[in-house]
Amino acid sequence: MPNFDFLTQPALPRPDVTPDDAAAIATAHFGLAGRITELGSNQDRNFRIDTGDARYVLKLANPVFSADELRAQNAALRALAGSGIRIPEVIATTGGDELIEVEVRGTALFARVLRYLDGDPLTDVGRPSREQLRILGALAGRVAAGLSPLRHPGLDRTTQWDARVSGEVVDLLLDHVAQPAKRTVVRDATDAALARLRPLRDRLRVQAVHGDVTDDNIVLGHGGPGVIDFGDVSDGWLVAELAATVTSALHHVPDEPLAVLDVIEAFHAESPLDDADLAALWPLVVLRGAVLVVSGEQQVALEADNVYAAENRAHEWVAFDVARRLDAAELETLIRARLAPAPAQPSTGFGRLVALTTGPEHLADLSVMARDLDAGVWLSDDAEDRILARVCREHGHAVTRYTEARLTRARPDRPLPSATVALAVTLDAPTGVDVTAPFAGELALVEGSWLLRGDAVDLWLDGLTRPLTTATIDAGETIGTAIRLTAQLSTLAGHRPPALVTPTLPLSAWTTVSPDPSALFGIDLAVGAPDPEASLARRDATFAHVQEHYFARPPLIERGWRHHLVDTRAQSYIDMVNNVTQIGHGHPRLVDAVRDQWARLNTNSRFHYDELSRFTERLAEIAPEGLDTVFLVNSGSEAVDLALRLAQIHTGRRTILAVTEAYHGWTIGSDAVSSSLGDNPRALETRPDWVKLVAAPNSLRGRHRGPDSAAAYLADLDADLAELDAAGTAVAGYIAEPVFGNAGGLMLPDGYLAGVYERVRARGGVCIADEVQVGYGRLGHYFWGSEQQSVVPDVITIAKAMGNGQPLGAVITRRDIAESFAAEGSFFSSAGGSPVSSVVGLTVLDVMRDEGLQQNAAEVGDHLVARLRELGERHPLVGAVHGMGLYLGMELVLDRETLQPATEEAARVCDRMLAEGCIVQPTGDYKNVLKIKPPLCITRESADRFADALDLVLATL
Numbered sequence: 003m004p005n006f007d008f009l010t011q012p013a014l015p016r017p018d019v020t021p022d023d024a025a026a027i028a029t030a031h032f033g034l035a036g037r038i039t040e041l042g043s044n045q046d047r048n049f050r051i052d053t054g055d056a057r058y059v060l061k062l063a064n065p066v067f068s069a070d071e072l073r074a075q076n077a078a079l080r081a082l083a084g085s086g087i088r089i090p091e092v093i094a095t096t097g098g099d100e101l102i103e104v105e106v107r108g109t110a111l112f113a114r115v116l117r118y119l120d121g122d123p124l125t126d127v128g129r130p131s132r133e134q135l136r137i138l139g140a141l142a143g144r145v146a147a148g149l150s151p152l153r154h155p156g157l158d159r160t161t162q163w164d165a166r167v168s169g170e171v172v173d174l175l176l177d178h179v180a181q182p183a184k185r186t187v188v189r190d191a192t193d194a195a196l197a198r199l200r201p202l203r204d205r206l207r208v209q210a211v212h213g214d215v216t217d218d219n220i221v222l223g224h225g226g227p228g229v230i231d232f233g234d235v236s237d238g239w240l241v242a243e244l245a246a247t248v249t250s251a252l253h254h255v256p257d258e259p260l261a262v263l264d265v266i267e268a269f270h271a272e273s274p275l276d277d278a279d280l281a282a283l284w285p286l287v288v289l290r291g292a293v294l295v296v297s298g299e300q301q302v303a304l305e306a307d308n309v310y311a312a313e314n315r316a317h318e319w320v321a322f323d324v325a326r327r328l329d330a331a332e333l334e335t336l337i338r339a340r341l342a343p344a345p346a347q348p349s350t351g352f353g354r355l356v357a358l359t360t361g362p363e364h365l366a367d368l369s370v371m372a373r374d375l376d377a378g379v380w381l382s383d384d385a386e387d388r389i390l391a392r393v394c395r396e397h398g399h400a401v402t403r404y405t406e407a408r409l410t411r412a413r414p415d416r417p418l419p420s421a422t423v424a425l426a427v428t429l430d431a432p433t434g435v436d437v438t439a440p441f442a443g444e445l446a447l448v449e450g451s452w453l454l455r456g457d458a459v460d461l462w463l464d465g466l467t468r469p470l471t472t473a474t475i476d477a478g479e480t481i482g483t484a485i486r487l488t489a490q491l492s493t494l495a496g497h498r499p500p501a502l503v504t505p506t507l508p509l510s511a512w513t514t515v516s517p518d519p520s521a522l523f524g525i526d527l528a529v530g531a532p533d534p535e536a537s538l539a540r541r542d543a544t545f546a547h548v549q550e551h552y553f554a555r556p557p558l559i560e561r562g563w564r565h566h567l568v569d570t571r572a573q574s575y576i577d578m579v580n581n582v583t584q585i586g587h588g589h590p591r592l593v594d595a596v597r598d599q600w601a602r603l604n605t606n607s608r609f610h611y612d613e614l615s616r617f618t619e620r621l622a623e624i625a626p627e628g629l630d631t632v633f634l635v636n637s638g639s640e641a642v643d644l645a646l647r648l649a650q651i652h653t654g655r656r657t658i659l660a661v662t663e664a665y666h667g668w669t670i671g672s673d674a675v676s677s678s679l680g681d682n683p684r685a686l687e688t689r690p691d692w693v694k695l696v697a698a699p700n701s702l703r704g705r706h707r708g709p710d711s712a713a714a715y716l717a718d719l720d721a722d723l724a725e726l727d728a729a730g731t732a733v734a735g736y737i738a739e740p741v742f743g744n745a746g747g748l749m750l751p752d753g754y755l756a757g758v759y760e761r762v763r764a765r766g767g768v769c770i771a772d773e774v775q776v777g778y779g780r781l782g783h784y785f786w787g788s789e790q791q792s793v794v795p796d797v798i799t800i801a802k803a804m805g806n807g808q809p810l811g812a813v814i815t816r817r818d819i820a821e822s823f824a825a826e827g828s829f830f831s832s833a834g835g836s837p838v839s840s841v842v843g844l845t846v847l848d849v850m851r852d853e854g855l856q857q858n859a860a861e862v863g864d865h866l867v868a869r870l871r872e873l874g875e876r877h878p879l880v881g882a883v884h885g886m887g888l889y890l891g892m893e894l895v896l897d898r899e900t901l902q903p904a905t906e907e908a909a910r911v912c913d914r915m916l917a918e919g920c921i922v923q924p925t926g927d928y929k930n931v932l933k934i935k936p937p938l939c940i941t942r943e944s945a946d947r948f949a950d951a952l953d954l955v956l957a958t959l
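Here the working numbering = 1-based position in the sequence shown + 2.
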């Protein structure tokens, strides 16, 4: 029988063997009887036999495996005997054989018995200690060293765990990954790892390997750690033995992946790695993770009752996901640093690289705070060149900064962290400059760069002009000239760290490997690492805690551009939550208009200036017919408060009807009509007596459900009004959002608002539409939310979008209602309608018109809602998708029948989406609705990136 080849026979269901079958085999052929317990396996059948005196493992191999392969496993056990590693002992049959063929229901199977190795598997340890991680690595290294001399015909086999065929295994099994988002990630990560591995393959050493020295197969006991399960023994790459071990450790330390350096260092001490191994290791870790993922899915598809395979899928995905998110070049560098012999302490007294006198004015600012990068300049390919050129024009030469997170290297719509932190610095000297050696060493051209090898540190140089010869150089010797020179120090002999790294790993790891080059230029070039935690502590020390912030550990956001936000590490995020920023962050037209107006005048609205009248004219033009008079205030809360006062003054009554589940603001008046439990858990019991709450027409989870529920809700309202009539209580007005923004864009049942307005007006009441969140073009197909309900309110309140982040709010109403306010005196808001605020409001409207942002909201919104609904068809957690245009909500539920809110899951989704480069937050009474309301300038590409990220998060939650 030939040895197994997985590529020709990839389906390996376990043989059909029951515990009774196992007991009979153990007794008949091995003379063993006792309590039988099945053990987990992906493709074989394993049973523990407890005789009372001792414990054994009966192993019944999958029938595709030859006798030679099983004898090779026993040979591996013998090869490791006396190595100091606890390993299972082979138990012979009653006839003295180590392997016997048995028949179970017509299928011939090879059976053998090993002595059971007592101990607790390392996989049961939630977070291993450093010592346990080192044990894991040391055992893997010792096993690799012990197996290196082994030769056996049964080792020449192709299993799915052979790293040499990882790509082929993924190709074969990828379709078993049901969720397309996971498939895409596995495919992309596999391809990237294979590309990095390709030039190394012929240099990797082949020997006998265990193939699975992992947390599952390490047992910790009184006799010391032991290794079990030699079922994957074969020939393979030595470094792949370590890759399997490292992968198994990753799911234990997903938030501290560099902990696996302890595993690697311990392995290296037992089985030294060479240069090719170090370069191949991390790609092989990624590939091992990918194979685990696809194999686990295949095995569960083959055997739905394979609990072992099913339970392993979650942590196998975690291991793969952690590995593929880390940059392979960065990990290779840090692995080399850990394994390199301790170098002599690098001197801090380096000589100068150039004789130029450099001051603060010569430093080029490429950070998130750089003025030169405003207006989206940071996205230009030549952004760095332009900034260096400006500094050179003004001051003669320019130098970039060390460990600066460069905004110029941030990438929008990123699926993975961007490499933004600079370990190399660049000098730009247009007139040219002599370059001198800061220390003695050998200077040689290496892969297109000049390398000056010193005793304790290397200096890598790009842009140096000199003869193409290797030379021994003295400190202070001129080594060439340069116009633009990039310099980077390295403590790794002969290895250049990446010039830019992601902020994923601690900065301290990099400053050791690639030290500060400030001494070379005679000025401090180092930029301190941003510290969001310290900034948050300062905020909490002086800012009221009830003014909450997004996320438990929020990024420190210091820049926005269009629909992206950027943190101080120069990592970009798609802003899916900011309906305050209607036309996008940092719009140049708005910046210029505000700057100009501030330079001319900013005062209060009791003065006469043209911007005020121009703005109020525009608002009256776009308002629904009949609403012709405008009040300007500073916020939505103020606008709602004023609207309520207008209704009460105009009617001479106090009672306001408001719907449950709503949020309208924080002032006394706007809070009084807010009943959202998500914002105030005691809202229903603390409303003042002049507020009458009526049932929210929530067609998803309200007392009446479905799109045709308007009539039932209106009947409820009739009962509420009859009760008020009977008590002699006259209604001053009714307030509601025309789309339930607080519920995540839940649309009202058609005809509901028209029925309400008819009833309220019949009683002389005023109808208020709170358009603060949902109006102003956000719905795409309608400028006002009330249009969607085919009604014209008596009063509209607006804010948020109209100021694009500037405090600006408005009430638009009829002249007769507005003039009613005179009964209580005049109205004045110090900053409401100021020249700057008026210019902001006008510019926002101009940009919306000129850039077609309402149309964009319709087109991108329609596309996005289709994407979200498609996700709902595949992910059971999605209960509904609400909204229209770019005011959307995805409601997450644990059960689509009971609609039990998935509150905790929604919070986890938001945290996971942050890691995906997307900012989204929960809303609603149960905080289970993802509110999706980005700036109206969002592109289809960014909407797709958001949907793709959400797909992956939902698939792996």
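Ideal Cβ placement from N, Cα and C applies to all residues, glycine included.
Take F8, set aside five residues on each side of it, and the residues of its chain with a beta-carbon closer than 6 Å to its own are T160, T161, Q162, in chain order. Only buried fits D569, as 16 or more other CB atoms lie within 10 angstroms of its CB. Between the alpha carbons of G628 and L956 lies a distance of about 47 Å. In this structure, P256 is the residue among R185, R392, P256 with its C-alpha nearest to the C-alpha of R327. By the neighbour-count criterion, in which a residue is buried when 16 or more other Cβ atoms sit within 10 angstroms of its Cβ, F6 is buried.
Between L447 and L470, the beta carbon gap of about 6 Å places them in contact (Cβ cut-off 8 Å). Just so you know, the alpha carbons of A546 and R540 end up roughly 11 Å apart.
At least 9 Å separates the beta-carbon of L34 from that of T20. Distance check between W284 and each of A330, G881, A825 places A330 closest, using alpha-carbon atoms only. The C-beta of N606 has fewer than 16 other C-beta atoms within 10 Å across all chains shown, which makes the residue exposed. About 27 Å separates the beta carbons of N858 and L894, which is beyond the 8 Å limit, so they are not a contact pair. Within the segment 168–214, the complete alpha helix (DSSP H) segments at least 4 residues long are 168–175, 182–199, listed from N- to C-terminus. Using a C-beta cut-off of 8 Å, the segment 626–642 makes contact with the segment 771–778, since at least three inter-stretch Cβ pairs fall below that distance.
Excluding residues up to 5 positions away in sequence, V838 lie with their Cβ nearer than 7 Å to the Cβ of W600 in the same chain. For L866 against M892, the beta-carbon gap comes to about 10 Å, at or over 8 Å, which does not count as contact. For K933, DSSP records a beta bridge to G891, Q923. Residue environment: S832 is assigned as exposed (fewer than 16 neighbouring CB atoms within 10 Å of its CB, all protein chains considered). In the DSSP assignment, R37 forms a beta bridge with D52. Here DSSP, grouped into helix, strand and coil, assigns V842 to helix. S615 and A820 have their C-alpha atoms some 16 Å from each other. According to the DSSP secondary-structure assignment, P227 is paired through a beta bridge with L222. For H783, the closest of D864, H154, D533, A74 by C-alpha to C-alpha distance is D864. Taking a contact to require three or more Cβ pairs closer than 8 Å, the segment 176–196 and the segment 249–268 do not qualify as touching.
Fewer than three beta-carbon pairs drawn from the segment 298–316 and the segment 266–276 are found closer than 8 Å, and the two stretches are therefore not classed as touching. Leaving aside the five residues that flank L509 on each side, the residues in its chain whose CB is nearer than 8 Å to its CB run, in chain order, T405, V423, A531. In this structure the segment 575–585 lies against the segment 933–943, because at least three pairs of beta carbons, one per stretch, are closer than 8 Å. Per DSSP, the continuous beta strand (DSSP E) segment holding T815 begins and ends at 811–815.
Assignment of G238 by DSSP, reduced to helix, strand and coil, places it in the strand class.
Taken atom to atom, the span from the alpha-carbon of G835 to that of T662 is near 32 Å.
Below 8 Å, enough C-beta pairs join the segment 483–503 and the segment 430–441 to call them touching: three or more. Of all alpha-carbon atoms in L855, Q790, R620, the one lying nearest the alpha-carbon of P751 is that of Q790.
Rounded to the nearest angstrom, the Cβ distance from D231 to D214 is 6 Å, consistent with a contact under 8 Å. Distance check between R153 and each of T96, L138, R73 places R73 closest, using alpha-carbon atoms only. In summary, G42 is exposed, with fewer than 16 beta-carbon neighbours lying within 10 Å of its beta-carbon over all protein chains present.
When the alpha-carbon of D460 is set against those of L491, E449, W452, the nearest one is in L491. With 16 or more other CB atoms across the displayed protein chains lying within 10 angstroms of its CB, F322 is buried.
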